[in-house]
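Undergrad:
Residue numbers (my numbering): -13 to 240.
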């Protein structure tokens, strides 16, 4: 019951999302409906469910990459509760800069920007001292087994696994209160998977609230405190006028 005493870092209330398929006559595809999710400081909740259930869509919605059709995403931001869906764009940028980190499944590589600069950028944008940023970036790249000879090169030339490790280092360079992880170990070998597990455990010990998708059962068992089952509606895609009948499941598996 340790987490019951922790503050609520992130809450999804009545979250509903559907996609409109404009190229197919405006058909609406329900993804999830009435999601209720609470994540507390120091807790790792794993989004669980079959492929296509909406796990990545939910994770991106929690980061405000996708805008749900209804509901609230309540974030503990610098001591105040902010509804991410009602926030102004500049507020979303500020919340992402200091409160919510996100490790996507794939690194968006930028030509001619070095690996060290890619990892350092979030911390520099937050205003951290340059010496501290450089030391943190080098430490993370070393832990994730990116050879020093690659630090001054653009990740566009790296292998998929190397790019993913650069992406992970970028996500962990700031001690975010909330961290969203989309399959961070998908392309990694056993040694690097274990390093990521260590990074997640260290973040939890700092009371970071984590929501993640982990298809690797061993990693999931090592870091997750709870599973949150995400299930797509049993109903087929329907025209927008009939969407009100669609249902989807978001249930805790404790």
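From the three backbone atoms N, C-alpha and C, an ideal C-beta is built for every residue, glycine too.
With distance defined between alpha-carbon atoms, name the residue in 70, 103 and 30 nearest to residue 127.
TA: Taking the first residue of the chain shown as position 1, residue 127 is located at position 141. The shortest C-alpha separation from residue 127 is found at 103.
Undergrad: Please classify residue 153 as buried or exposed, where buried requires at least 16 other C-beta atoms within 10 Å of its C-beta.
TA: Counted from its first residue, the chain shown places residue 153 at position 167. That one is buried.
Undergrad: Which value, in whole angstroms, describes the spacing of the CA atoms of residue -4 and residue 214?
TA: Residue -4 sits at position 10 when you count from the first residue of the chain shown. Residue 214 sits at position 228 when you count from the first residue of the chain shown. In a straight line, the C-alpha of residue -4 is about 14 Å away from that of residue 214.
Undergrad: When you compare each of 22, 182, 125 and 54 to residue 72 by their alpha carbons, which one comes out closest?
TA: As a working mapping, residue 72 is identified with position 86 in the chain shown. Answer by Cα proximity: 54.
Undergrad: Give a yes or no on whether the C-beta atoms belonging to residue 244 and residue 216 are separated by under 9 Å.
TA: The chain is shown from -13 up to 240; residue 244 falls before or after that span and cannot be answered.
Undergrad: Can you have a look at residue 35 and say buried or exposed, based on whether 16 or more other CB atoms are within 10 angstroms of its CB?
TA: The sequence position of residue 35 within the chain shown is 49, counting from 1. Residue 35 should be labelled buried.
Undergrad: For the alpha helix (DSSP H) containing residue 99, list its first residue and its last residue.
TA: Taking the chain shown and counting its residues from 1, one reaches residue 99 at position 113. Premise fails: residue 99 is in no alpha helix (DSSP H) and is neither H nor E.
Undergrad: Are the stretch 72 to 91 and the stretch 161 to 171 in contact at 8 Å, needing three or more beta carbon pairs?
TA: Enough Cβ pairs lie closer than 8 Å, so yes.
Undergrad: Do residue 6 and residue 19 have their C-beta atoms within less than 9 Å of each other?
TA: Within the chain shown, residue 6 is the residue found at index 20, counting from 1. Within the chain shown, residue 19 is the residue found at index 33, counting from 1. No, Cβ-Cβ distance for residue 6 and residue 19 is not below 9 Å.
Undergrad: Can you give the Cα-Cα distance for residue 241 and residue 4, rounded to whole angstroms?
TA: No answer is possible for residue 241: it lies beyond the span of the chain, which begins at -13 and ends at 240.
Undergrad: In terms of residue numbering, what span does the beta strand (DSSP E) encompassing residue 195 cover?
TA: Position 209 of the chain shown holds residue 195. Where residue 195 is concerned, the enclosing beta strand (DSSP E) stretches over 195 to 199.
Undergrad: Quick one: grab the DSSP three-state call for residue 94.
TA: Here residue 94 refers to the residue found at position 108 of the chain shown. Reduced to three states, the DSSP call for residue 94 is coil.
Undergrad: Can you tell me whether residue 178 is buried or exposed, with buried defined as 16 or more other CB within 10 angstroms of its CB?
TA: Here residue 178 refers to the residue found at position 192 when the chain shown is read from its first residue. Its Cβ being crowded by 16 or more others within 10 Å, residue 178 is buried.
Undergrad: Please list the segments of the beta strand (DSSP E) lying wholly inside the stretch 140 to 214, counting only runs of 3 or more residues, in order along the chain.
TA: Runs of the beta strand (DSSP E) inside the stretch 140 to 214: 164 to 168 and 195 to 199.
Undergrad: Taking its Cβ as the centre, do 16 or more other Cβ atoms sit within 10 Å of residue 63, making it buried, or is it exposed?
TA: Within the chain shown, numbered from 1, the residue matching residue 63 stands at position 77. With 16 or more other Cβ atoms within 10 Å, it is buried.
Undergrad: Could you give the uninterrupted runs of the beta strand (DSSP E) lying entirely in the stretch 20 to 65, keeping only those of 3 residues or more?
TA: Taking only runs of at least 3 residues, the beta strand (DSSP E) segments lying wholly in the stretch 20 to 65 are 30 to 34 and 56 to 63.
Undergrad: Sort out for me which residues DSSP pairs residue 4 with in a bridge.
TA: The sequence position of residue 4 within the chain shown is 18, counting from 1. For residue 4, which the question treats as bridged, DSSP gives the partners 16.
Undergrad: State the Cα-Cα distance for the pair residue 108 and residue 45, rounded to the nearest angstrom.
TA: In the chain shown, residue 108 corresponds to position 122, counting from 1. In the chain shown, residue 45 corresponds to position 59, counting from 1. Rounded to the nearest angstrom, the two C-alpha atoms are 20 Å apart.
Undergrad: Under the DSSP definition of a beta bridge, which residues are partnered with residue 113?
TA: Walking along the chain shown from the start, residue 113 turns up at place 127. Its beta-bridge partners do not exist; DSSP assigns none.
Undergrad: Count the other CB atoms, across all protein chains shown, that sit within 10 Å of the CB of residue 79; report buried if there are 16 or more and exposed otherwise.
TA: Residue mapping note: residue 79 aligns to position 93 of the chain shown, counting from 1. Exposed.
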